[in-house]
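Sequential numbering of the sequence shown, starting at 22, is according to my numbering.
All C-beta atoms in this analysis are idealised placements derived from N, C-alpha and C, irrespective of residue type, glycine included.
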Amino acid sequence: MLHSVKSANIASKKLIMNENSLDRSRTENLLDLNIDKDTWIYTYGSSKLQQVRSFGYECDDRYLKERLKAEYPGFIINRGSVAKKLDFPPLYAIKESLKWNDAYVAKQYSQGEVITIDNYLGKYQITKKTAKPWYLRYKNIITIDENDPKEVAFYAMLITIVLSPILAVVMLK
């Protein structure tokens, strides 16, 4: 009896979801934050998430994980200290933050510079660690002005000239 009631609940929820679900051809991106939890789960969620939700479980963590992965790849829910907006962030981080709406560059103690979006789903702060360009990793050894493309190109050429004979010797062996 209990199994048939649950099967009926699953069927009725799927029918309701089909009637009320988003038209996928109209909304190609998933960034409609006004979608309620159940609608998102039954429209975009994994089959496992849909099955567990249909049995009445909340599935909050799995739902957040799947939705964040689909809408903001590479971001994580910031459960630690709140990331604070930087006063003067590096240009590479600003360029990376421009890829996302309402994103800004912040500093987090454990992560360094992060791309941050506040109020994800109305209550979460999400962050993504910035990728420092290769030429800035060795900035303490060689001082490079990251804003000057000629200087960056010069050092890239210098590294190529220095490394090419070494690579040639290694390849000829």
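Same chain only: Cβ atoms within 8 Å of residue i, ignoring 5 sequence neighbours per side
i, result
"Tyr93", "Trp121, Ile138, Tyr141, Ile147 and Lys149"
Assigned exposure category for residue i - 16 Cβ within 10 Å defines buried
i, result
"Val135", "buried"
"Lys71", "The sequence given here places Gln at residue 71; Lys does not occur at that position. With 16 or more Cβ atoms within 10 Å of its Cβ, Gln71 is classed as buried."
"Ala174", "exposed"
"Ala189", "exposed"
7 Å CB neighbourhood of residue i in its chain, flanking five on each side removed
i, result
"Tyr125", "Lys106, Ser118 and Thr137"
"Asp57", "none"
Close Cβ partners of residue i (< 6 Å) along its chain, the five nearest in sequence each way excluded
i, result
"Gly95", "Lys149"
"Arg74", "Ile62 and Cys80"
"Gln132", "Lys150"
"Pro110", "Val126"
"Gly101", "none"
Length of the line joining the Cα atoms of residue i and residue j
i, j, result
"Pro170", "Asp82", "44 Å"
"Leu89", "Gly77", "22 Å"
"Lys153", "Ala177", "16 Å"
"Gly143", "Val103", "15 Å"
"Asp123", "Leu85", "19 Å"
"Gly66", "Asn99", "22 Å"
"Lys194", "Ile187", "11 Å"
"Ala197", "Tyr145", "Because the chain spans 22 through 194 in this model, residue 197 falls outside it and cannot be assessed."
"Lys69", "Asn55", "23 Å"
"Glu87", "Ile97", "11 Å"
"Leu179", "Ser185", "10 Å"
"Asn168", "Leu112", "8 Å"
"Asp108", "Lys128", "10 Å"
"Trp155", "Ile182", "17 Å"
"Leu157", "Lys116", "15 Å"
What residue ranges within the segment 40 to 115 form continuous beta strand (DSSP E) runs of no fewer than 3 residues, ordered along the chain? If we require 3 residues or more, the segment 40 to 115 turns out to have no beta strand (DSSP E) run fully inside it.
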